[in-house]
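Residue numbers (UniProt numbering): 1 to 522. The structure under discussion appears below in the form of structure tokens.
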């Protein structure tokens, strides 16, 4: 008899073949077990195979029905016939058990279109007295969360406070995070009687996915301090957050965590490390990691190409692109963002034109805003403003104001006052509340010594721009991330910081240092 519950598809087929040869293919119990092993196997298989086994059983039991339903739930888009199987079982007067409801509800959670069927199954759960089964309640919470019915999942969660396990709490936590309710998720997280790696990972990813990057990093630090071993998804998430914030110190902390835990450097983790070091300015470490990876995928190559481009290693980025092609990979839109950015930064106009045409004609990739941005920047830096304008006017998508702002920078660099004035006024019409457009136009007038126009544009800016968002900065001190805004008094050590600033100011005066008076108009 088969005993290993994680058999491969090949092993299952061998057992099936032996059953046929031994005359056991008509034995309902044996065939139901073959079906069960298929539902538990990590191997992929066409649904026609378990269906043929199921239909060979003359009088399938609840166990057989559960197994065929579970086989269907393994697929990304479960067939609507799952509900048909459940209905067939009920018509045969077979009573479902908690596993039946768990599998059916899991199938309903994979598509919003199955919500109405999930609600009907919920009715059966109550009618047949399974509402206090923790596995069924967990499936209900997950189903409602996945179908964006958070209020319904909250009601199920709160119905019976004694019928909960860590999966119940995690399902509710994941639903809140997915819905962007981070504060509510924090409350649930704090109330959890028990937390596992999924609880911590969900919270970390919730912060990061909702843009609260610093809190995500602090949550990860606390997770490690409590001795919880992170999973791959968490490590990739915190590396991404470190990269977005440019915090190489925290990125190194994550890297050392990976090494100390002897965590395998999988392709996703290796790619995240390459990306983090590149975005944090450590291109040499990024390069070493990239070349040391035994396995790479298309995204590994992409982050390295983009990283080299952003660090002005245009020749190396383009050489890597050609090696990427020779390795048999097919470029995607992000690949050409890196390639065109490399051309733009190095002023390689002809090469930029070539790769832009190659992207469209040879690979059928429709240009996106990032591609147009690289090309406009390339042409504007080279003083080819007219060609850049023609490119913008022939775009297949609505031009972004950033493209016109890039052109305006080109006009300032090359002293094209008249053209810059037209573009600057166009930008102000497109977005009259953006202070940067006024500053750019004022800079062009200042370079041409048209001071009256500088004053006029500045006055316009002060009249129209009333909601300027304050800039902020981050620093890392002893592994902690600190955010500062101009005039900030909310930091826990703000009084000490301002005292130190005053001390520095007094020491500068004592040293008789007098900075030159500078007037900045742009």
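All C-beta atoms in this analysis are idealised placements derived from N, C-alpha and C, irrespective of residue type, glycine included. Remember, it's a predicted structure, so these values are computed and weren't measured experimentally.
(request) Starting from residue 291, follow the alpha helix (DSSP H) in both directions and report where the run begins and ends. (result) Looking at the DSSP string, the run of the alpha helix (DSSP H) that includes residue 291 is 283-292.
(request) Can you tell me the Cβ-Cβ gap for residue 31 and residue 12, rounded? I've got them flagged as a contact below 8 angstroms. (result) Separation of the CB atoms of residue 31 and residue 12 is rounded to 12 angstroms, and the pair is thereby denied contact status at 8 angstroms.
(message) On the CB-based measure, 16 or more other CB atoms within 10 Å of its CB, does residue 301 come out buried or exposed?
(response) It counts as buried.
(message) Bridge partners for residue 482 per DSSP, in chain order?
(response) Residue 482 pairs with 475.
(request) Identify the continuous alpha helix (DSSP H) that holds residue 409 and give its terminal residues. (result) Start and end: 401-413.
(message) With distance defined between alpha-carbon atoms, name the residue in 324, 165, 238 and 396 nearest to residue 201.
(response) Checking every option, the nearest Cα to that of residue 201 belongs to 238.
(message) Please state whether the Cβ-Cβ distance between residue 372 and residue 358 is less than 9 angstroms.
(response) No.
(request) Would you mind stating whether residue 381 and residue 413 have Cβ atoms separated by less than 9 angstroms? (result) Less than 9 angstroms separates the beta-carbon of residue 381 from that of residue 413.
(message) For residue 36 and residue 68, I'd like the C-alpha separation in whole angstroms.
(response) Distance from the CA of residue 36 to the CA of residue 68, rounded to the nearest whole angstrom, comes to 8 angstroms.
(request) To the nearest angstrom, report how far apart residue 310 and residue 171 are at their CA atoms. (result) Taking the straight line joining both Cα atoms gives about 40 angstroms.
(message) If I measure Cβ to Cβ from residue 97 and keep anything under 7 angstroms in the same chain, skipping five residues before and after, which residues do I get?
(response) Excluding sequence positions up to five before and after residue 97, its CB lies within less than 7 angstroms of the CB of 62, all in the same chain and listed in chain order.
(request) May I ask you to report which of helix, strand or coil DSSP gives residue 526? (result) The structure shown does not extend to residue 526, since the chain is modelled only from 1 to 522, so the question has no answer here.
(message) Across the stretch 287-307 and the stretch 260-274, are there enough close Cβ pairs to call them in contact, namely three or more that are closer than 8 angstroms?
(response) Flag = yes, the stretch 287-307 and the stretch 260-274 touch.
(request) Please say whether residue 340 and residue 293 have beta carbons closer to each other than 9 angstroms? (result) The answer is no: Cβ separation not under 9 angstroms.
(message) For residue 143, which residues in the same chain have their Cβ closer than 6 angstroms to its Cβ, ignoring the five residues on either side in sequence?
(response) Once the five neighbours on either side are set aside, the close Cβ partners of residue 143 are 105, 108, 109 and 118.
(message) DSSP three-state label for residue 173, please.
(response) In this structure, residue 173 counts as helix in the three-state DSSP scheme.
(request) Quick one: residues in its chain with C-beta nearer than 7 angstroms to the C-beta of residue 135, no 5 flanking neighbours on either side, listed in chain order? (result) For residue 135, the CB contacts under 7 angstroms within the same chain, skipping 5 residues up- and downstream, are 98 and 102 in chain order.
(request) For residue 117, name the three-state secondary structure that DSSP assigns. (result) Helix.
(request) Give the single residue among 222, 291, 28 and 401 whose Cα lies nearest to the Cα of residue 195. (result) A check of alpha carbon separations from residue 195 across 222, 291, 28 and 401 identifies 222 as the nearest.
(message) Measuring only the C-alpha atoms, how far is residue 186 from residue 220?
(response) About 14 angstroms.
(request) Express the C-alpha separation of residue 379 and residue 519 in angstroms, rounding to a whole number. (result) At residue 519, the pLDDT of 39 sits below 50, so the modelled position is not reliable; the number obtained from the coordinates is stated separately. The straight-line gap from Cα to Cα measures roughly 31 angstroms.
(message) Using a 10 Å radius around the Cβ and a threshold of 16 neighbouring Cβ atoms, would you call residue 74 buried or exposed?
(response) That one is buried.
(request) Out of 295, 137, 191 and 148, state which residue places its alpha-carbon closest to the alpha-carbon of residue 167. (result) Closest in alpha carbon position to residue 167, among 295, 137, 191 and 148, is 137.
(request) Output the distance between the C-alpha atoms of residue 156 and residue 181, rounded to the nearest integer angstrom. (result) Looking at the two C-alpha atoms, the distance is approximately 18 angstroms.
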